[in-house]
């Protein structure tokens, strides 16, 4: 396990380096943009003197390196992400927090739907390998995956909101409302095919194992063999991997889904912040997602090792 | 993989015998893979679809009945008719023509991005990292790690949104400097920005796979033999290693096509990609998506949506088929 501890430590030590590079790159890029936050901040007033005063107040007249130094100092020493140019008198965590909470709840719904459909479909396809049902299931799911989110959402709105009046056309009012239906479907359609294919591949791998043949040989019913012996051994890794890796997919899906449906989540907020040139907010969000992503990847790697002793053995054997 | 691995002794012997026959016939990996690919009916259909799409795009000015920016405000939101088979949009532009020209954007972006971000960069970086090793390996690996941990799409939106004006200015300055005045009006800057940014984030996965493959190849006997007989490094890389990582390149590039096309469409949809009036499926979808348009003129959304879905589906199925063809064991 010592090699493992070293591995975790190395990756954790590299995290600050990654964040430093990413933060500087993002900082630099945001300072490039057309128009600066001062013009957004000052609204319709165009007074050059006031511009200069506001610039000086926020240090925007200093060289970029110096601005970055000031930003990082405040962030590291006081946990201060700076000020949003669009929402005044609130700290950035206060602004982002509720948005993430909205997106997170949507994300959990999407995960549940993805697994509920993806895993049974994948196992079914694997069990039916060699018949026409296998390519049919996978093909249909692939077809769903091929329709972009930004097409699915308007179509669903047209059918279920505009024509049938079953569902609201957008917005967000809590997790027990029908406004969750369209975003959940839109967010999960892309992932279902991925989960199903992964589940199919791992199930196929497990089906040829000796212990499965043994289970069949001792006369267990096919149902027991599939649910107790094959599924158990092949699906835990699938779930762990997918949960970790689809974080990014969810954020990207949220960008479109939330923008289209007017859901006040983090995806729509990213888009608004970019178009509104809200530098500090963009930086904070990018740093947050980067951290979440790196930590998530590490957790997935570790979880796989902890859950599945075979990977641990493989790792030791490889050394 | 639909092939069932040989299990009985007879199967194994048959497989060996067949492999032996192939070897004697002197069939190259490319030929064998191509033959296997052509045997898959679905893959061939996808290939034909994709080629048809690219041909349409290449000959768009000949095929499209109207120009992509040709307006006729007297015929705004016309339904399908003989002169406009798929109707017209808000500005009276022909929907069919705009879709055909949008295919052009997709073609340029996918081909350029695949060539740089999924072939050239991964091969160069992967080979350097794997074969050279040392600090170069560390540098490439670390850069890749940083790039891979950046949230892709939000960052793409940010970069294209902030860099565009400056980038367009560079390109037009460059155009003036070399007396190529059509450059800035050709929309080249938009295409270049999109495929540049997509390539920047795209190379990491491919480079990692190639590096790993090069690492194992480096210790194989035929490479050691080549080194011992005094082959130069470029020769080893080009003649001995490159052919062996070809499958990785082909599979990686084909798997990436759908994602690249979708990224461009998404960026344009959000308003930071290809700029109007130049058509892109992203722009067409965003024109057709507003509720009033969708309720009264659904074809404005359905046509681009169907084309995009069919194309991405074909890309995905072809990618799968190529993966099968190259990675399944010899048979």
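Residue numbers (my numbering), protein chains in the order written: chain F, 1 to 319; chain Y, 320 to 650.
Every residue, glycine too, gets a C-beta built ideally from N, C-alpha and C.
- Selection F:286, F:299, F:297 and F:293 evaluated against residue 22 of chain F yields F:286 as nearest (Cα-Cα).
- When the beta-carbon positions are compared, residue 579 of chain Y and residue 587 of chain Y stay at least 8 angstroms from each other.
- Straight through space, the alpha carbons of residue 601 of chain Y and residue 510 of chain Y are spaced by roughly 14 angstroms.
- In this chain, the alpha helix (DSSP H) harbouring residue 66 of chain F covers 64-78.
- Using a Cβ-Cβ cut-off of 9 angstroms, residue 540 of chain Y is close to nothing in chain F; its nearest Cβ partner there is about 21 angstroms away.
- For the 8 angstroms CB-CB criterion, residue 274 of chain F and residue 415 of chain Y do not form a contact.
- DSSP lists Y:407 as the bridge partner or partners of residue 413 of chain Y.
- Not one beta carbon of chain F lies nearer than 8 angstroms to the beta carbon of residue 583 of chain Y.
- When beta bridges are read from the DSSP output, residue 91 of chain F appears opposite F:83.
- Inter-residue distance for residue 408 of chain Y and residue 369 of chain Y is about 26 angstroms (C-alpha atoms, whole angstroms).
- Using a Cβ distance threshold of 8 angstroms, residue 149 of chain F and residue 203 of chain F do not count as a contacting pair.
- Between residue 271 of chain F and chain Y, the shortest Cβ-Cβ separation is below 8 angstroms.
- Closer than 8 angstroms to the CB of residue 560 of chain Y there is not a single CB belonging to chain F.
- A check of alpha carbon separations from residue 385 of chain Y across Y:631, Y:413 and Y:564 identifies Y:413 as the nearest.
- Judged by beta-carbon spacing, residue 628 of chain Y lies within the 8 angstroms limit of residue 151 of chain F, meaning their Cβ atoms are closer than that value.
- Taking CB atoms only, residue 614 of chain Y has a neighbour in chain F less than 8 angstroms away.
- Considered as a whole, the stretch 472-543 of chain Y harbours 501-504 and 507-537 as its complete alpha helix (DSSP H) runs of no fewer than 4 residues, in chain order.
- Per DSSP, residue 264 of chain F lies in no alpha helix (DSSP H) and is assigned neither H nor E.
- If you check each beta-carbon in the stretch 524-550 of chain Y against every beta-carbon of chain F, none falls closer than 8 angstroms.
- Nearest to residue 521 of chain Y by C-alpha distance, out of Y:637, Y:431, Y:423 and Y:366, is Y:431.
- Y:420 is the residue among Y:554, Y:420 and Y:393 whose C-alpha sits nearest the C-alpha of residue 603 of chain Y.
- When DSSP states are grouped into helix, strand and coil, residue 373 of chain Y belongs to the helix group.
- With contacts defined as CB atoms closer than 8 angstroms, residue 255 of chain F and residue 271 of chain F qualify as a contacting pair.
- Burial of residue 277 of chain F is indicated by the presence of at least 16 other C-beta atoms within 10 angstroms of its C-beta.
- DSSP places residue 645 of chain Y in the uninterrupted alpha helix (DSSP H) bounded by 618-646.
- Residue environment for residue 65 of chain F: exposed (fewer than 16 other C-beta atoms within 10 angstroms of its C-beta).
- If you draw a straight line from the Cα of residue 426 of chain Y to the Cα of residue 583 of chain Y, it is about 11 angstroms long.
- Taking a Cβ-Cβ cut-off of 7 angstroms, the neighbours of residue 588 of chain Y in chain F comprise 150, given in sequence order.
- Scanning the stretch 237-306 of chain F for uninterrupted alpha helix (DSSP H) segments of 4 residues or longer gives 266-275, listed from N- to C-terminal end.
- Of the other Cβ atoms in all chains shown, 16 or more fall within 10 Å of the Cβ of residue 466 of chain Y; this residue is therefore buried.
- In this structure, residue 106 of chain F places its C-beta atom within 8 angstroms of the C-beta atom of residue 184 of chain F.
- Residues of the stretch 627-640 of chain Y whose Cβ lies closer than 9 angstroms to any Cβ of chain F, in chain order: 627, 628, 629, 630, 631, 632, 633, 634, 635, 636 and 639.
- When CB distances to chain F are screened at a threshold of 9 angstroms, the residues of the stretch 469-496 of chain Y falling below it are 469, 470, 471, 472, 473, 474, 476, 477, 478, 480, 481, 482, 483, 484 and 485, in chain order.
- In the three-state reduction of the DSSP assignment, residue 213 of chain F falls in the helix class, which pools H, G and I.
- In the structure shown, the three-state DSSP call for residue 391 of chain Y is coil.
- Residue contact with chain Y for residue 67 of chain F: absent (no Cβ-Cβ distance below 8 angstroms to any residue of chain Y).
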